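Below you'll find the structure, written out as structure tokens, and then a few comments.
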Amino acid sequence: MEWYRLALRHCPHNFSLHDDFYLDDGTADQPKKDVVDAHLFPAPSLADKAGSLKDLWEFTLTRYALRAELFEAWRKFPASDMLEWLTTAYESREDCHCRSTVLELVEKCLGLAGADLVRRAWLDYPEKIHFAGLANASIACLHHEEGFERCFAVFDALSTQGATPTHDVHAEIQKSEDA
Numbered sequence: 005m006e007w008y009r010l011a012l013r014h015c016p017h018n019f020s021l022h023d024d025f026y027l028d029d030g031t032a033d034q035p036k037k038d039v040v041d042a043h044l045f046p047a048p049s050l051a052d053k054a055g056s057l058k059d060l061w062e063f064t065l066t067r068y069a070l071r072a073e074l075f076e077a078w079r080k081f082p083a084s085d086m087l088e089w090l091t092t093a094y095e096s097r098e099d100c101h102c103r104s105t106v107l108e109l110v111e112k113c114l115g116l117a118g119a120d121l122v123r124r125a126w127l128d129y130p131e132k133i134h135f136a137g138l139a140n141a142s143i144a145c146l147h148h149e150e151g152f153e154r155c156f157a158v159f160d161a162l163s164t165q166g167a168t169p170t171h172d173v174h175a176e177i178q179k180s181e182d183a
């Protein structure tokens, strides 16, 4: 349970939460002190958390990588409810882990129904979102032409600016939409 709460708060990618220190089930691998009755406080399982969007979201945030069974649990909810929840989650936290997780869920579970959220996420690039997740969600959720145009605008910006997109990528996207 300790690992679960720490991963929820700090992201499972945090160095101190890696598999050097915790097993896959959240058990401390190198505790400094003996853990008394650890079996009484297990980390929650997907089955424990799949009953509500809130619980499933929290469980999802603790995963190092999202797997097929997790996507299946999300798909059991109506798409409109899922989109509303994920939009709220995206807006409520600005950390890249949260936002990348939202985009991966939108990509894998919502498709075109998530298009407006993906367009919204483009407004945060590159300051508050990683390109890889945004590109995957764009290709899956936007009409192909729009998704590819947005991604190619980033590549064009990279080629004209060197290694990082320091100029206004949003202006490049707007130019491609206007053309």
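Residues in the sequence shown are numbered consecutively from 5, following my numbering. The C-beta atom is built at its ideal place from N, Cα and C for all residues, glycine as well. All values reported here derive from a predicted model rather than from experimental measurement.
Of all C-beta pairs linking the region 89-97 to the region 134-150, fewer than three are shorter than 8 Å, placing the two stretches out of contact. For S142, same chain residues with a beta-carbon under 7 Å away, outside a window of 5 residues either side, are V122, G151, R154 and C155 in chain order.
Between the C-alpha atoms of A125 and D41 there is a straight-line separation of about 44 Å. Going by beta carbons, E73 and L50 fall inside the 8 Å limit. The DSSP assignment places complete alpha helix (DSSP H) segments of no fewer than 4 residues inside the region 104-158 at 119-126 and 135-145, in order along the chain. A distance of 8 Å or more separates the beta carbons of A54 and A83.
Its Cα nearest to that of E95, the residue K132 stands out among C145, P46 and K132. P48 and L70 have their alpha carbons spaced roughly 16 Å apart. Look at Y68 here: in three-state DSSP terms it is coil, with no helix or strand label.
By the Cβ-count criterion, T164 is exposed, with fewer than 16 other Cβ atoms from all chains shown falling within 10 Å of its own Cβ. Rounded to the nearest angstrom, the gap between the Cα atoms of G115 and T66 is 23 Å. Of all alpha-carbon atoms in V158, H134, D160 and A119, the one lying nearest the alpha-carbon of H148 is that of A119.
For the pair L60 and K80, the Cα-to-Cα distance works out to about 11 Å. Spanning the alpha carbons of C102 and P46 requires a straight line of approximately 24 Å.
Counting only residues of its own chain and dropping the five nearest sequence neighbours on each side, A144 has a CB closer than 7 Å to the CB of E111 and G115.
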